[in-house]
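Peer 1: Okay, so the sequence shown: first residue is 1 according to this note's numbering, each after it adds one. Take a look at the following structure, please.
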Amino acid sequence: MSLHSFLTRLIWLLAETPATGAPPPDITEIATARRLLDEAAEKRATAEAARRESGQRFRATFEQAAVGIALVAPDGRWVQVNHRLCEIVGYSQDELLARTFQDITHPDDLNADIASMRQMLAGEIETYSMEKRYLHKGGAIVWINLTVALVRRPDGSPDYFISVVEDIQRRKEAEAALQAREATLREAQRLAGIGNWRWDLRTDRHAWSEEIYRIYGRDPSLPPAVYPEVQAYVTPESWARLAAAVETGLAQGTPYECDAEVVRADGTRRWITARGKATPDAGGTVVELHGTVQDITERKRAEEEIRKLNEGLEARVRERTAELARSNAELEQFAYVASHDLQEPLRMVVGYVQLLEKRLADKLDADTREFMSFAVDGALRMQRLIQDILVYSRVGTRAQPLEPVDTAAALNETLALLASRIAETGAKADAQSLPMVTPDRVQLVQLFQNLIGNAIKFCTERAPRIRVEARREPNRWRFSVTDNGIGIAPEYRGRIFGIFQRLHTRPEFPGTGIGLAICKRIVERHGGEIGIDSAPGGGSVFWFTLPGEAST
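What follows is the structure, given as structure tokens:
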């Protein structure tokens with residue numbers, strides 16, 4: 001007999017008015033009833049304690065969970081939310097309970113979420129998961145992973161949803177950053193014409209980046225071409241080199257690099273540099289090859305253009321050298337004619353005029369003597385002009401072999417050549433420690449002679465004072481010749497090194513106007529520069545540079 005039936009009968013017996021002479025209820029039945037009541041009470045107490053403990057565990061789990069948890073009414077109202085969910089969306093519990101999940105769901109994700117809820121309410125699915133975006137209270141967008149289950153009442157009607165919300169914002173940001181890096185890498189590979197590949201020898205699986213498909217002209221929908229299949233994309237000569245390099249890399253585990261000519265399916269040709277590197281396992285067996293394929297077509301084209309240009313340049317150099325040789329020969333012939341055939345008549349004019357002047361000395365008047373003097377002076381100036389032109393023309397054609405020259409000795413030689421003019425004008429020249437250089441010695445003496453001669457000539461009001469110095473500069477020496485002469489104005493500095501450029505009349509300062517042009521040609525012939533720093537009345541500093549080692 002069940003406790004419920006027994007109690008029902010006992011209560012009925014106690015409620016009935018006992019008949020006259022009827023016996024009272026059995027005492028054992030009352031004792032049994034009391035025991036059953038005590039046991040039932042104890043079970044109820046145990047069950048209630050278990051229920052309270054279970055509720056406490058649920059509340060602790062609910063509030064302390066590392067993910068957001070919520071109970072949501074079928075209409076979308078938040079019924080109960082935990083602390084973590086409030087942290088994720090930035091709302092307090094009271095603020096969140098006053099809203100619906102629709103209020104904080106991103107508009108672009110709302111329809112998909114509601115559609116899944118309707119399927120669940122209709123009994124079509126038992127649960128669903130999705131990635132969606134919440135709108136944070138602060139205005140930011142928060143990516144979450146949502147998992148939803150439906151709790152029904154005993155009669156099967158919907159009671160509430162249990163939603164578990166995982167914050168995946170950092171993961172989404174990392175995925176976005178990775179996608180951005182991958183996009184940047186793809187763009188960089190496209191711009192550089194370089195793609196990467198990987199070959200797992202254990203599984204014989206190949207992987208190509210997008211750029212390799214473009215380089216080979218292969219349909220991107222196809223899988224990567226396996227190693228022997230690549231042969232169809234390169235010329236036979238290139239395949240022989242490439243296959244040998246790959247086989248060596250497989251056998252020895254060493255990196256390789258090989259240029260190859262690619263022939264695409266449409267017939268166009270490209271050039272590539274294929275690079276590979278082996279990866280061995282712990283036992284030293286090569287288990288993988290990886291590397292790059294770089295499109296070097298433009299470089300190859302440029303190299304071919306350079307080769308053709310070089311060939312053309314070499315041909316032009318040969319032609320120009322031949323022309324220069326002919327020009328030099330013609331110039332030499334001109335120099336010979338100028339030094340002999342042109343000067344001989346001038347010498348005859350000078351000689352005969354001077355002879356006439358001597359024989360007819362007592363018969364010539366003053367005007368005649370002056371006219372004859374003009375004729376001799378003109379002929380002598382013509383001779384000097386021819387001589388200067390010859391020196392100018394020979395600077396680049398008759399240079400002596402270059403060898404180390406002591407510039408101090410060259411300067412002394414120059415001063416010896418100018419000794420009479422130095423003595424006549426009272427000039428003084430001094431020099432600091434001068435270096436060894438490697439010029440044409442004759443031309444170096446000519447250079448010093450012209451510059452020092454100018455310094456003497458263009459100093460009229462006082463005795464010329466000349467200083468020669470040298471200063472070390474990177475890979476060259478800078479020489480300077482300083483004087484105390486009349487100087488020149490800045491606007492004339494660009495003219496004075498031109499041929500036949502004179503700033504003064506011949507009666508003031510005689511000369512042919514070629515001396516400084518000769519200096520410029522000598523310096524430039526040696527790969528140097530020449531210039532002047534000067535001011536009217538303040539003297540001049542003529543400077544020039546010559547290549548040379550750091551020695552004195």
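Cβ coordinates follow ideal geometry from the N, Cα and C atoms, glycine included.
Measuring straight from C-alpha to C-alpha, what distance separates Q178 and E473?
Peer 2: Within the sequence shown, the letter at position 178 stands for residue 178. Within the sequence shown, the letter at position 473 stands for residue 473. The question names Gln, yet the displayed sequence has Leu at residue 178. Rounded to whole angstroms, L178 to E473 spans 54 Å at the Cα level.
Peer 1: Would you check if there are 3 or more beta carbon pairs closer than 8 Å linking the region 168-178 to the region 191-208?
Peer 2: Cβ pair count under 8 Å is below three, so no.
Peer 1: What would DSSP say about K137, mapped onto helix, strand or coil?
Peer 2: Taking the sequence shown and counting its residues from 1, one reaches residue 137 at position 137. Looking at K137 - three-state DSSP - the assignment turns out to be coil, as it is neither helix nor strand.
Peer 1: Classify C258 as helix, strand or coil using the three-state DSSP reduction.
Peer 2: If you number the sequence shown from 1, residue 258 lands on position 258. In the structure shown, C258 sits in a strand (DSSP, three-state: E or B).
Peer 1: Can you grab the Cα-Cα spacing for the pair V151 / S92, in whole Å?
Peer 2: Stepping through the sequence shown from its first residue, residue 151 is reached at position 151. Stepping through the sequence shown from its first residue, residue 92 is reached at position 92. If you take the alpha carbons of V151 and S92, they lie about 25 Å apart.
Peer 1: Could you check if M117 is buried or exposed, using at least 16 other CB atoms within 10 Å of its CB as the buried criterion?
Peer 2: By 1-based counting over the sequence shown, the position of residue 117 is 117. M117 should be labelled buried.
Peer 1: List the DSSP bridge partners of Y128.
Peer 2: For the purposes of this step, residue 128 is taken as residue 128 along the sequence shown, with counting starting at 1. Looking at the DSSP assignment, Y128 forms a beta bridge with V148.
Peer 1: Give the DSSP-derived three-state secondary structure of V405 in the structure shown.
Peer 2: Along the sequence shown, one-based indexing puts residue 405 at 405. Strand at V405.
Peer 1: Sort N475, V468, D533 by Cα distance to G487 and report the nearest one.
Peer 2: Here residue 487 refers to the residue found at position 487 of the sequence shown. Comparing Cα-Cα distances from G487 to each of N475, V468, D533, the minimum goes to D533.
Peer 1: Under the three-state reduction of DSSP, which class applies to L71: helix, strand or coil?
Peer 2: The sequence position of residue 71 within the sequence shown is 71, counting from 1. Residue state, collapsed to three classes: strand.
Peer 1: Specify whether the region 303-315 and the region 272-288 touch according to this definition: at least 3 beta carbon pairs, one from each stretch, less than 8 Å apart.
Peer 2: Cβ pair count under 8 Å is below three, so no.
Peer 1: What are the uninterrupted segments assigned as beta strand (DSSP E) that are 3 or more residues long and contained completely in the region 450-485, given in chain order?
Peer 2: As far as the region 450-485 is concerned, its whole beta strand (DSSP E) runs of at least 3 residues are 465-473, 476-483.
Peer 1: Can you tell me whether A112 is helix, strand or coil according to DSSP?
Peer 2: To locate residue 112, count along the sequence shown from 1; it is residue 112. Three-state DSSP puts A112 in a helix.
Peer 1: Could you say if the region 203-215 and the region 241-254 meet the contact criterion of at least three C-beta pairs nearer than 8 Å?
Peer 2: Counting Cβ pairs under 8 Å, fewer than three are found: no touch.
Peer 1: What residues match up with K277 in a beta bridge as DSSP calls it?
Peer 2: For the purposes of this step, residue 277 is taken as the residue at position 277 of the sequence shown. BP columns for K277 point to H290.
Peer 1: If you run the structure through DSSP and keep just helix, strand and coil, what is E529?
Peer 2: Taking the first residue of the sequence shown as position 1, residue 529 is located at position 529. The answer is coil: DSSP assigns E529 none of H, G, I, E or B.
Peer 1: Are the Cβ atoms of D109 and R133 separated by less than 7 Å?
Peer 2: For the purposes of this step, residue 109 is taken as the residue at position 109 of the sequence shown. For the purposes of this step, residue 133 is taken as the residue at position 133 of the sequence shown. Yes; because the gap between Cβ atoms is below 7 Å, this pair is in contact.
Peer 1: So the beta strand (DSSP E) I162 belongs to, where does it begin and stop?
Peer 2: Position 162 of the sequence shown holds residue 162. Segment 158-167, the beta strand (DSSP E) holding I162.
Peer 1: Jot down the residue ranges of each uninterrupted alpha helix (DSSP H) in the region 188-225, minimum 4 residues, whole runs only, in chain order.
Peer 2: Correct list: 210-216.
Peer 1: For P435, name the three-state secondary structure that DSSP assigns.
Peer 2: On the sequence shown, position 435 is the one that residue 435 refers to. P435: coil per DSSP, three-state reduction.
Peer 1: If I measure Cβ to Cβ from E131 and keep anything under 6 Å in the same chain, skipping five residues before and after, which residues do I get?
Peer 2: Looking up residue 131 in the sequence shown gives position 131. Contacts found: N145.
Peer 1: Just the Cα atoms here: how many angstroms apart are T268 and A180?
Peer 2: Taking the sequence shown and counting its residues from 1, one reaches residue 268 at position 268. Taking the sequence shown and counting its residues from 1, one reaches residue 180 at position 180. When rounded, the distance between both Cα atoms is 33 Å.
Peer 1: According to the neighbour-count rule (16 or more other Cβ atoms, all chains shown, within 10 Å of its Cβ), is P507 buried or exposed?
Peer 2: For this step, residue 507 is matched to residue 507 along the sequence shown. Confidence is the limiting factor: at P507 the pLDDT is only 46, short of 50, which leaves the residue's position unreliable, though a coordinate-based value still follows. Answer is exposed; the Cβ neighbour count stays below 16.
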